[in-house]
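*Asks:*
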Amino acid sequence: MKHNIKIGIAILLLSCNIGCEKNLLQEENRAGLTGEIVYNEPAGFESLVQASYAYLRAWYAKEEAYNLTEMGSDLWYPGVDNRRLDLMAYNNLQGSEAGLAATEVFLERLWQRSYQALNLINTGIEGVGNSGLSDALKITREAELRFLRAHFYWLLTEQWGDVHFTIKPTSGLETTANKTPKSEIYKQINEDLNFAVANLPATTSQYGRATKSIAEAFLARIYLFEGKYTEASALAQKVIASGTYALQAKYADLWTMSNLKNKEVIWACNYTTDLTLSDLTNSVTNPDGHPRGGNNGHLHFCMAYERTAAGAIGMQRDLANGRPFARYMPTPHLVDLFDETIDARYNATFKQVWICNKAGSYKKKVGNTEYTVTLAVGDTAILATKYDVPDAIDSVKKYLIIDRSKMYKADGSFNGNALFLQLKKFDDPTRPTFNEAQSARDAFIIRLAEMYFIAAEAEMNLGNNSKAAELINVVRKRAALPGKEANMEITASNINIDFILDERAREFAGEQLRWFDLKRTGKLIERVKLYNKAAAGLIQDYHVLRPIPQKQLDAVTNKSEFIQNPGYN
Numbered sequence: 053m054k055h056n057i058k059i060g061i062a063i064l065l066l067s068c069n070i071g072c073e074k075n076l077l078q079e080e081n082r083a084g085l086t087g088e089i090v091y092n093e094p095a096g097f098e099s100l101v102q103a104s105y106a107y108l109r110a111w112y113a114k115e116e117a118y119n120l121t122e123m124g125s126d127l128w129y130p131g132v133d134n135r136r137l138d139l140m141a142y143n144n145l146q147g148s149e150a151g152l153a154a155t156e157v158f159l160e161r162l163w164q165r166s167y168q169a170l171n172l173i174n175t176g177i178e179g180v181g182n183s184g185l186s187d188a189l190k191i192t193r194e195a196e197l198r199f200l201r202a203h204f205y206w207l208l209t210e211q212w213g214d215v216h217f218t219i220k221p222t223s224g225l226e227t228t229a230n231k232t233p234k235s236e237i238y239k240q241i242n243e244d245l246n247f248a249v250a251n252l253p254a255t256t257s258q259y260g261r262a263t264k265s266i267a268e269a270f271l272a273r274i275y276l277f278e279g280k281y282t283e284a285s286a287l288a289q290k291v292i293a294s295g296t297y298a299l300q301a302k303y304a305d306l307w308t309m310s311n312l313k314n315k316e317v318i319w320a321c322n323y324t325t326d327l328t329l330s331d332l333t334n335s336v337t338n339p340d341g342h343p344r345g346g347n348n349g350h351l352h353f354c355m356a357y358e359r360t361a362a363g364a365i366g367m368q369r370d371l372a373n374g375r376p377f378a379r380y381m382p383t384p385h386l387v388d389l390f391d392e393t394i395d396a397r398y399n400a401t402f403k404q405v406w407i408c409n410k411a412g413s414y415k416k417k418v419g420n421t422e423y424t425v426t427l428a429v430g431d432t433a434i435l436a437t438k439y440d441v442p443d444a445i446d447s448v449k450k451y452l453i454i455d456r457s458k459m460y461k462a463d464g465s466f467n468g469n470a471l472f473l474q475l476k477k478f479d480d481p482t483r484p485t486f487n488e489a490q491s492a493r494d495a496f497i498i499r500l501a502e503m504y505f506i507a508a509e510a511e512m513n514l515g516n517n518s519k520a521a522e523l524i525n526v527v528r529k530r531a532a533l534p535g536k537e538a539n540m541e542i543t544a545s546n547i548n549i550d551f552i553l554d555e556r557a558r559e560f561a562g563e564q565l566r567w568f569d570l571k572r573t574g575k576l577i578e579r580v581k582l583y584n585k586a587a588a589g590l591i592q593d594y595h596v597l598r599p600i601p602q603k604q605l606d607a608v609t610n611k612s613e614f615i616q617n618p619g620y621n
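Residue numbers (our numbering): 53 to 621.
Listed below in structure tokens is the structure:
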């Protein structure tokens with residue numbers, strides 16, 4: 053008898069088959085299966101496992117998840133076109149009440165997709181014995197699924213706290229939910245990851261699949277979140293010492309489209325180069341509009357370089373400069389963290405110069421005086437700088453200067469949020485057209501550099517500041533400008549949690565770790581109040597958890613048991 057996966061929970065769920073091509077996990081819908089996947093035969097079960105990986109694409113390099121993992125922190129202000137002020141600044145200006153609302157659609161989407169993934173994963177774990185795979189491959193696939201289950205439960209419990217928890221698949225419509233303590237969920241995360249470490253292969257021919265060292269790296273992160281510092285340091289250093297991975301020689305090399313699958317990347321969410329499979333209008337692979345798609349990080353950090361209404365000159369939209377959604381701009385705290393005279397990460401992180409691609413005469417205003425400037429293709433059109441530029445200098449330059457005073461007010465709040473220093477790490481000039489929203493750029497989930505920081509933070513908490521400095525210096529010296537390695541070195545006296553958070557910002561800005569870092573270290577409220585003027589007066593202590601989506605609360609019948617998180621209506 054054929055067994056089928058029937059996916060259900062208290063909210064509408066979906067499934068999609070993911071196929072393998074050219075040794076990568078790539079998106080493909082075979083035979084148009086969208087509601088059921090046969091899993092008691094090898095091909096069907098393999099589709100289930102591949103589909104489980106595909107749900108990573110809901111969380112990595114997507115606007116919804118950037119808002120939950122990077123925004124509402126100390127590093128980012130809303131850009132001119134940002135539409136999620138509730139997540140950016142804990143202020144729901146689009147609703148009837150101030151504050152982050154339970155009706156926030158991005159919260160609903162990520163909650164929903166995470167439970168879709170978990171139900172598929174639980175189905176696979178329960179059914180792997182009847183999959184028709186060889187005994188050895190059954191163990192490998194179970195280990196992969198348990199690794200993914202740990203990952204999705206980590207995302208859920210860190211965002212929402214005590215959440216609905218089950219390791220059994222749901223068939224049909226489930227109308228009750230539980231609120232399992234975070235500590236119990238972490239027990240299962242540990243159990244699953246230890247199983248994965250023990251049973252995953254050392255290598256894989258399919259980029260993006262879990263391996264033993266990937267599971268070890270993620271478990272090291274989990275240990276740090278749990279405060280198991282001895283274990284976190286030992287496991288992170290084991291991954292470092294394995295020889296499997298190596299820091300790139302230059303920080304900038306990490307972000308080159310032709311070098312994405314480099315030895316520093318421990319685990320990535322890989323995106324297919326066939327953008328027709330990622331298109332958001334593809335109703336087969338994307339039946340609810342936005343479940344996966346391609347990487348679109350390149351859209352959100354761009355400033356409005358082509359908008360003359362915002363004051364831009366000499367520019368029109370093109371492939372090299374990107375399609376600007378202008379969702380996020382850096383806070384002054386972020387740009388000031390870098391000493392660009394010794395640290396190469398500043399120039400590798402921020403785009404500062406735009407070259408004219410639209411010749412003509414333009415109006416440029418300096419102070420109260422308006423000038424006419426003429427630009428030729430190839431001239432500098434716009435320069436963005438974190439420093440103030442005196443009017444006397446600005447007035448003799450043909451190009452537009454976006455200086456500190458144009459971006460930020462004296463109190464650190466944003467002044468203009470259309471033109472600014474922009475994060476360029478996710479740019480993709482290989483897209484087929486300048487309006488293409490999807491990118492084939494892989495999203496890095498864990499890099500080797502993180503292992504150094506995990507071990508360093510753990511060693512600091514164990515009282516070993518000298519060892520912590522030694523570990524961080526490896527990453528800092530890699531980031532040094534040529535000849536400035538000694539200037540980048542720190543000592544034990546520099547080590548404290550604020551320094552580590554500053555250093556993690558320099559290394560990982562935009563890589564979907566920041567909100568988790570601040571929450572883990574108990575610094576979210578403090579740092580937002582210090583460095584994010586858009587949210588400083590709005591963030592509350594209870595914002596360390598998100599509101600459970602209202603649709604989920606409305607759908608359950610045990611409403612007195614499955615209740616909203618504290619602080620939310």
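A virtual CB, placed ideally from N, CA and C, is assigned to each residue, including glycine.
Predicted model only: the values in this text are computed from it and were never measured.
Output the distance between the C-alpha atoms of Leu514 and Ser545, rounded to the nearest integer angstrom.
*Replies:* Near 15 Å, if we compare the C-alpha coordinates of Ser545 and Leu514.
*Asks:* Alpha carbons only, please: which of Pro599, Leu590, His595, Ala586 is nearest the one belonging to Trp128?
*Replies:* Comparing Cα-Cα distances from Trp128 to each of Pro599, Leu590, His595, Ala586, the minimum goes to Ala586.
*Asks:* At the level of alpha carbons, what is the spacing between Asn516 and Glu509?
*Replies:* Spanning the two alpha carbons is a distance of roughly 9 Å.
*Asks:* For Tyr238, tell me which candidate among Glu268, Phe204, Leu576 has the shortest Cα-Cα distance.
*Replies:* The shortest C-alpha separation from Tyr238 is found at Phe204.
*Asks:* If we count the other Cβ atoms within 10 Å of its Cβ and call it buried at 16 or more, is Pro343 buried or exposed?
*Replies:* Low per-residue confidence applies at Pro343: pLDDT is 45, beneath 50, and the placement is therefore not dependable enough to give any value.
*Asks:* So, under 8 Å CB-CB, Glu316 and Ala298 are touching, yes? Tell me the CB distance rounded to an integer number of Å.
*Replies:* Indeed, because the Cβ distance is near 7 Å, the residues count as touching under 8 Å.
*Asks:* Taking the straight line between their C-alpha atoms, what separation do you get for Ala267 and Trp212?
*Replies:* Taking the straight line from one Cα to the other gives about 23 Å.
*Asks:* Per DSSP, Ile542 is paired with what?
*Replies:* Answer by DSSP bridge pairing: none, since Ile542 is not bridged.
*Asks:* Can you give, in chain order, each stretch of the alpha helix (DSSP H) that sits fully within the region 477–538 and has at least 4 residues?
*Replies:* For the region 477–538, whole alpha helix (DSSP H) runs of length 4 or above, ordered along the chain, are 500–513, 517–531.
*Asks:* What would DSSP say about Tyr414, mapped onto helix, strand or coil?
*Replies:* Strand.
*Asks:* With distances taken between CB atoms, is the gap from Thr426 to Ser413 smaller than 7 Å?
*Replies:* Yes, these two residues count as a Cβ contact at 7 Å.
*Asks:* Specify whether the region 114–124 and the region 214–222 touch according to this definition: at least 3 beta carbon pairs, one from each stretch, less than 8 Å apart.
*Replies:* No contact exists between the region 114–124 and the region 214–222.
*Asks:* Name the DSSP bridge partner or partners of Gln592?
*Replies:* None; Gln592 has no bridge partner.
*Asks:* Look at the Cβ atom of Ala195, then the Cβ atom of Asn251, and state whether they are nearer than 7 Å.
*Replies:* Cβ atoms of Ala195 and Asn251: closer than 7 Å.
*Asks:* Which residues in the same chain have their Cβ closer than 6 Å to the Cβ of Asp244, if we skip the five residues on either side of it in sequence?
*Replies:* Excluding positions up to five away in sequence, the list reads Arg198, Arg201, Ala202.
*Asks:* Which same chain residues end up closer than 6 Å to Asn610 when comparing Cβ atoms and leaving out the 5 residues on each side of it in sequence?
*Replies:* The residues are Thr228.
*Asks:* Compute the distance between the beta-carbons of Ala169 and Ala495, then report whether it is under 7 Å.
*Replies:* No, they are not a contact pair.
*Asks:* Going by C-alpha distance, which of Lys458, Leu452, Tyr423, Ala433 is nearest Asp440?
*Replies:* Checking every option, the nearest Cα to that of Asp440 belongs to Lys458.
*Asks:* Going by alpha carbons, who is nearest to Asp455 out of Arg193, Gln404, Pro233, Arg493?
*Replies:* Closest by alpha carbon: Gln404.
*Asks:* To the nearest angstrom, how far is the alpha carbon of Leu597 from that of Tyr620?
*Replies:* Those two C-alpha atoms are separated by around 10 Å.
*Asks:* Tell me where the alpha helix (DSSP H) around Leu225 begins and ends.
*Replies:* Careful: Leu225 lies outside any alpha helix (DSSP H) and carries neither H nor E.
*Asks:* Report the rounded CA-to-CA distance for Tyr281 versus Asn467, giving the unit in angstroms.
*Replies:* Spanning the two alpha carbons is a distance of roughly 42 Å.
*Asks:* Using only the alpha-carbon positions, how far apart do Gly179 and Ile241 sit?
*Replies:* Their backbone Cα atoms lie some 20 Å apart in a straight line.
*Asks:* Let me confirm a value: Ala301 is counted as buried when at least 16 other C-beta atoms fall within 10 Å, else exposed. Which label applies?
*Replies:* Exposed, because fewer than 16 other Cβ atoms sit within 10 Å of the Cβ of Ala301.
*Asks:* Could you tell me the distance, in whole angstroms, from the CA atom of Gly131 to the CA atom of Asn182?
*Replies:* Approximately 51 Å, taken between the alpha carbons.
*Asks:* I'd like to check one pair, Ala272 with Ala262: are the Cβ atoms closer than 7 Å?
*Replies:* No, these two residues do not count as a Cβ contact at 7 Å.
*Asks:* Measuring alpha carbon to alpha carbon, tell me which of Gln564, Met512, Phe560, Asp593 ends up nearest Lys575.
*Replies:* Of the candidates Gln564, Met512, Phe560, Asp593, the one whose C-alpha sits nearest the C-alpha of Lys575 is Asp593.
*Asks:* For Gly589, tell me which candidate among Ile577, Pro94, Ile600 has the shortest Cα-Cα distance.
*Replies:* It is Ile577 whose Cα lies nearest to the Cα of Gly589.
*Asks:* For Asp138 versus Arg579, is the C-beta distance shorter than 7 Å?
*Replies:* No; because the gap between Cβ atoms is not below 7 Å, this pair is not in contact.
*Asks:* Report, in whole angstroms, the separation of the C-beta atoms of Trp307 and Ala400, which I expect to be a contact under 8 Å.
*Replies:* Between Ala400 and Trp307 the Cβ distance is about 7 Å, and since that is below 8 Å, they are a contact.
*Asks:* Using 10 angstroms around the beta-carbon of Gly419, count the other beta-carbons present and answer buried if the total reaches 16, otherwise exposed.
*Replies:* Per the 10 Å Cβ criterion, exposed.
*Asks:* Curious, which full-length alpha helix (DSSP H) runs of at least 4 residues does the region 399–479 contain?
*Replies:* Entirely contained in the region 399–479, the alpha helix (DSSP H) runs reaching 4 residues are, in chain order, 443–446, 456–459.
*Asks:* Under a Cβ-count criterion, where at least 16 other Cβ atoms within 10 Å of its own Cβ denotes burial, should Ser235 be classed as buried or exposed?
*Replies:* That one is exposed.
*Asks:* Among the residues of its own chain, which have a CB less than 6 Å from the CB of Thr543, if the five just before and after it don't count?
*Replies:* Excluding residues within five positions, the ones whose Cβ falls inside 6 Å are Ala521.
*Asks:* Once the 5 residues before and after Met381 are set aside, which same chain residues still bring their CB inside 6 Å of it?
*Replies:* Cβ within range, chain order: Tyr129, Gly131, Asn469, Phe472.
*Asks:* Taking Gln490 and Asn322 to be in contact with their CB atoms under 8 Å, please state how far apart those CB atoms are, rounded to whole angstroms.
*Replies:* That pair is no contact at about 14 Å.
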